[in-house]
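Chains as they are written, first to last, in the working numbering: chain E, 130 to 465; chain B, 130 to 465.
The C-beta atom is built at its ideal place from N, Cα and C for all residues, glycine as well.
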């Protein structure tokens with residue numbers, strides 16, 4: 130049986146992550162994971178005429194190179210499963226143009242990488258597909274003008290704000306792989322959690338309850354202790370959201386160890402003045418495809434729980450006074 | 130083996146559609162399927178303060194009543210799989226708030242209902258879930274101001290235009306069901322097809338190549354003739370797109386019979402002056418959850434191929450001169 134409890138799955142034949150590639154912008158390249166990224170851009174337009182086209186080029190570059198890194202060509206890829214936070218996920222669907230693979234577009238805001246990896250793993254474990262490409266991206270400048278204001282206005286950022294990561298991460302997930310490769314051994318599919326936060330400049334507070342729900346459910350249903358993992362990383366809660374998640378879980382009787390942190394809280398250096406840290410659908414995927422994947426492949430990490438987190442708002446919904454629902458999906462990645 | 134060829138699946142244990150519900154606006158209620166809809170709104174604001182909130186209420190109403198129609202409560206639902214064409218699919222994710230189910234958000238524009246039904250069926254056939262709720266929606270007024278212009282401008286519509294359907298459709302898909310219930314016996318997952326169309330007022334032309342690719346692949350890989358089905362309905366190509374699809378397939382040596390038509394081309398009456406017909410993510414789902422589902426449940430139709438079609442553009446992508454990629458996913462629904 131592959132299902133444990135209501136939301137948690139432990140796969141009988143865990144799929145392998147056989148290739149990964151990350152592309153980031155110049156600010157991210159100067160951050161804490163600088164050396165781990167596969168491609169560091171010198172400017173965030175990537176020689177394109179718009180930020181949106183630049184994001185698409187980053188996304189496509191990550192996809193194509195993840196396939197190369199896996200020693201494959203696109204003919205070997207059954208399906209592209211991808212998403213991003215641009216309206217109508219055009220960065221993802223446009224990146225899939227010209228490739229002869231099935232396409233499944235997903236949207237869970239910045240939790241999309243978790244959704245893609247979990248759904249993709251299920252499709253492989255269920256015998257429907259053999260090799261999948263999962264990817265997500267985000268771009269600071271395209272996100273700012275879509276969700277907030279044009280950069281030219283020079284708006285001041287409040288202290289609770291996060292900085293959307295300019296980055297894309299892609300992984301190839303396959304039914305078979307080499308010994309020593311990281312495998313997706315299971316995970317927990319999240320529920321929508323909405324405690325009524327309406328502050329669009331405090332995404333950490335909007336997403337922390339969903340991260341808390343997902344982590345609590347994962348440990349309860351899997352029967353695993355937090356100490357089972359070498360590293361537990363949420364997606365892009367930022368520093369405040371990460372600390373809130375730790376607090377909320379402690380209230381529920383679950384103490385997270387020192388191995389718990391957040392991709393968004395870790396991605397930038399303090400002196401980069403992003404306030405709470407990074408966010409965006411490209412945050413957890415670019416950190417996974419760089420730091421985590423390389424640390425796992427080199428034997429420095431064996432068991433990682435990655436929990437991409439998403440805030441399911443739109444500019445219109447916030448303007449109409451709606452609260453911000455959050456979601457989080459946990460993926461358990463292990464070298465067996 | 131459940132996979133045939135590269136993109137087509139025939140399920141060994143086809144899941145059952147055990148409940149369906151449709152909600153439509155007043156214009157749709159006066160259309161060709163008027164009597165089949167479960168709820169016909171008298172005004173398209175549904176007593177809400179904005180078109181976006183009205184769409185969300187329609188979506189939620191369809192979801193909740195599909196669960197009721199299946200004789201279930203939300204506690205029985207494992208997962209909500211849904212999507213729509215609003216930015217960040219807020220109509221779908223906001224509708225899932227307050228329900229204690231896993232949530233997977235999808236985006237394939239107006240092909241989302243096909244993607245949801247296929248992915249949902251695979252998750253059931255793979256043993257990961259038992260009962261799923263699949264739903265999509267769209268709203269004429271929220272779509273117009275998001276994709277085009279505020280209605281208050283009174284812009285003239287060109288002859289190739291379609292009218293976004295104000296509607297929501299939801300179905301409950303389950304591992305087990307009663308004899309005589311329609312079952313999802315398989316389908317074909319689409320690829321992104323882009324022949325370079327840039328006219329945002331001619332979605333039929335943008336989507337027809339994807340519909341053609343999906344239909345051609347479905348018949349080739351499944352080994353079925355078009356005559357196998359009592360009805361072959363694309364999603365929202367409209368009249369021009371439907372005729373173009375027929376033409377393109379004839380060029381490839383595949384003659385579609387008289388049983389081929391399009392939900393968008395059929396949904397409105399000629400005198401309603403929508404030009405090419407209906408479109409939107411709620412078009413194929415509301416037609417399926419009303420006319421098709423009821424005709425199948427009453428024994429008037431036994432084998433239906435539904436092929437929701439989507440145009441993967443955003444307002445920003447069109448403003449930047451990008452072409453419009455299309456996608457289509459085919460679902461084979463049969464009473465066995």
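Residue pairing by DSSP places residue 320/E opposite 231/B in a beta bridge.
Annotation for residue 337/E: 366, 370, 373, 374, 377 place their beta carbon closer than 7 angstroms to its own, counting only its chain and skipping 5 residues before and after. Secondary structure remark: continuous alpha helix (DSSP H) runs of at least 4 residues inside the stretch 413–448 of chain B, in chain order: 422–426, 444–448.
Of all residues in the stretch 134–149 of chain B, those with a C-beta nearer than 8 angstroms to a C-beta of chain E are 135, 136, 138, reading in chain order.
When Cβ-Cβ separations below 7 angstroms define contact, residue 304/B makes no contact with chain E. Judged by DSSP in its simplified three-state form, residue 305/B adopts coil rather than helix or strand. Residue 313/B is positioned such that its CB atom lies closer than 7 angstroms to that of residue 144/B.
Using a Cβ-Cβ cut-off of 7 angstroms, residue 462/B is close to nothing in chain E; its nearest Cβ partner there is about 18 angstroms away. Chain B has no Cβ within less than 7 angstroms of the Cβ of residue 301/E.
Rounded to the nearest angstrom, the gap between the Cα atoms of residue 401/E and residue 298/E is 22 angstroms. Closest in alpha carbon position to residue 326/E, among 273/E, 356/E, 455/E, 135/E, is 455/E. Closer than 9 angstroms at the C-beta level to chain E, one finds these residues of the stretch 201–220 of chain B: 207, 208, 209, 212, 214, 215, 216, 217, 218, 219.
Boundaries of the alpha helix (DSSP H) around residue 193/B: 180–198. In this structure, the beta-carbon distance from residue 457/B to residue 240/B falls below 7 angstroms. If you compare the alpha carbons of 433/B, 178/B, 368/B with that of residue 461/B, the shortest gap goes to 433/B. In the structure shown, residue 312/E falls within a strand segment according to DSSP collapsed to helix, strand and coil.
Per the Cβ contact rule, the stretch 261–279 of chain E is not in contact with the stretch 307–322 of chain E (fewer than 3 Cβ pairs under 8 angstroms). In this structure, DSSP gives residue 135/E a state outside helix and strand, which the three-state scheme calls coil.
Scanning chain B for C-beta atoms nearer than 9 angstroms to the C-beta of residue 239/E yields nothing, as the closest lies near 11 angstroms away. Between residue 445/B and chain E, the shortest Cβ-Cβ separation is below 7 angstroms. With fewer than 16 other beta carbons inside 10 angstroms of its own, residue 384/E counts as exposed. At a cut-off of 7 angstroms, the C-beta of residue 436/B has no neighbouring C-beta in chain E. For residue 394/E, same chain residues with a beta-carbon under 6 angstroms away, outside a window of 5 residues either side, are 367, 368, 371, 406 in chain order. DSSP, read as helix, strand or coil, puts residue 411/B in helix.
Under the three-state reduction of DSSP, residue 382/B is assigned to coil, being neither helix nor strand. Cβ proximity to chain B below 9 angstroms picks out 321, 322, 323 from the stretch 321–346 of chain E. Around the CB of residue 278/E, fewer than 16 other CB atoms lie within 10 Å, so the residue is classed as exposed.
In the three-state reduction of the DSSP assignment, residue 364/B falls in the coil class.
Contact between the stretch 177–186 of chain B and the stretch 202–211 of chain B is not established, with fewer than three Cβ pairs separated by less than 8 angstroms. In the DSSP assignment, residue 142/B forms no beta bridge with any residue. Leaving aside the five residues that flank residue 228/B on each side, the residues in its chain whose CB is nearer than 6 angstroms to its CB run, in chain order, 203. Here residue 346/B has 136, 317 as same chain residues with Cβ atoms under 6 angstroms from its own Cβ, once five neighbours each way along the sequence are excluded. Residue environment analysis places residue 293/E among the buried positions, since at least 16 neighbouring C-beta atoms fall within 10 angstroms of its C-beta. Closest by C-alpha distance to residue 173/B, out of 161/B, 252/B, 187/B, 162/B, is 187/B.
Counting the other Cβ atoms within 10 Å of the Cβ of residue 216/B gives 16 or more, which makes it buried.
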